[in-house]
Amino acid sequence: MSPVWWGLIGAAAFGSGDFIARIAGRGIGPQSTTLGMLIAGAATFWLWILVADLPLVLSAEGLALVVPAGLVVMVASLLFFVALTRGPVSIVAPIGAAFPVWVVVLGLALGIVPQLEQFAAMGVVMAGVVIVTRFSDPRGEDVQGGGGIWPTVFMTLAVTMMFAAVIYIARDASAILGEVQATAWMRLVSLAAMAAFVLAIRRSSFRIAPRWWPAVLAIGVLDTVAFVALLFGARGTGAPLAAVAMSSYTVITVVLARLFLKENVPPRQWIGIAIVVAGVAILAYQG
């Protein structure tokens with residue numbers, strides 16, 4: 301299967317998971333949401349390894365890559381859930397979808413140069429993302445916390461940079477350990493780091509009420525599917541294509557926010573969404 305199709309699978313999972321994370325974040329807080337997601341994600345990966353009887357390769361080189369990657373994933377996940385909780389989703393999702401810009405830049409530095417037609421289609425996708433972001437509702441009706449939308453914007457931009465770096469680190473680790481195994485180790489590192497953070501700030505609010513566990517488990521499973529799909533798509537020189545295809549997750553998240561959270565989505569934003577869909581369709585056809 302081509303990197304574009306792997307990216308689209310990741311987009312469907314990531315977009316749905318982010319929408320649920322926004323609801324959970326406002327219900328139990330972003331810290332508890334992150335911790336619960338990492339617990340569910342780690343359990344899913346290790347159960348997958350056990351059931352599928354996947355080999356565990358203990359490589360110092362591979363583990364040396366998954367440790368920093370896991371730490372970055374923990375910080376990026378927490379920041380992203382904080383941004384989603386602050387809102388609005390129609391700002392966070394499109395900016396988060398711009399992470400392929402950094403993936404392409406890093407790819408060029410590593411000698412990964414897409415074909416001219418692919419560059420053009422990638423440009424269409426990112427232009428659509430810019431339009432969706434530019435014409436988001438600026439009134440901040442759905443923002444929690446001070447400072448308006450700008451803290452949300454800056455946190456999400458930081459997440460895009462971290463996520464792009466993790467893709468290449470995880471890709472190299474996957475070549476040694478396997479995609480599922482590398483991500484399982486990364487989730488374990490992320491979970492340990494988040495648990496240490498929780499203990500360090502000593503808040504009782506990290507308890508997750510039973511009624512929220514289905515949502516948290518869903519986020520963990522969807523995040524698992526999205527990340528593994530992205531790693532499969534990132535094999536070899538596929539990272540830029542898979543990342544750009546996955547950026548279409550913003551369409552799913554924004555549409556769900558409009559349908560269920562009643563966030564305002566101006567007509568020009570819908571034009572941007574249509575452009576994203578068209579660009580991804582072109583990429584998929586070329587792939």
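FYI, the numbering for the sequence shown is 301 to 587, going by the working numbering. Glycine included, C-beta positions come from ideal geometry on N, C-alpha and C. In this text, all values refer to a predicted model and were calculated from it rather than measured experimentally.
query, result
"Is W648 buried or exposed, if buried means 16 or more other CB atoms sit within 10 Å of its CB?", "Since the first residue of the chain shown is 301 and the last is 587, residue 648 is not available in this structure."
"Within its chain, find whatever has a CB closer than 7 Å to the CB of G579; leave out the 5 residues flanking it on each side and keep chain order.", "A421, V424, V425, G428"
"In whole angstroms, what separates the C-alpha of I552 from that of P414?", "26 Å"
"In the DSSP assignment, the alpha helix (DSSP H) including A508 goes from what residue to what residue?", "The amino acid occupying residue 508 in the given sequence is Ile; Ala does not appear at that position. First-last for I508: undefined, no H or E at that position."
"Buried or exposed, going by whether 16 or more other CB atoms sit within 10 Å of the CB of I320?", "buried"
"Tell me whether W305 sits in a helix, a strand or coil according to DSSP, three-state version.", "helix"
"Would you mind giving the Cβ-Cβ distance between V290 and A313, rounded to the nearest angstrom? I have them listed as a contact below 8 Å.", "The first residue shown for the chain is 301 and the last is 587, placing residue 290 beyond what the model contains."
"What I want to know is whether the C-beta of P388 ends up closer than 7 Å to one or more non-hydrogen atoms of the ligand MN.", "Because no ligand of any kind appears in the structure shown, any question about the ligand MN cannot be addressed here."
"Let's see if you can read the secondary structure: which residues bound the alpha helix (DSSP H) around T483?", "479-501"
"If you drop the 5 nearest sequence neighbours on each side, which residues of the same chain put their C-beta closer than 6 Å to that of G310?", "A526, A529, L530, M546"
"Within 10 angstroms of its Cβ, does D353 collect 16 or more other Cβ (buried), or is it exposed?", "exposed"
"Work out the CA separation of M494 and P400 for me, nearest whole Å.", "26 Å"
"Please report how far the alpha carbon of V521 lies from the alpha carbon of R322, in whole angstroms.", "16 Å"
"What are the boundary residues of the alpha helix (DSSP H) that I339 is part of?", "330-352"
"Under the rule that 16 or more other beta-carbon atoms within 10 Å means buried, what is V357, buried or exposed?", "exposed"
"Relative to the alpha-carbon of A393, which residue among F380, W402, V405 has its alpha-carbon at the smallest distance?", "F380"
"Quick check on G440: does DSSP put it in helix, strand or coil?", "The predicted position of G440 is uncertain, since its pLDDT is 47 and thus under 50; a value taken from the coordinates is nonetheless stated next. Correct three-state label for G440: coil."
"Would you kindly check if the distance between the Cβ of A539 and the Cβ of I467 is under 8 Å?", "yes"
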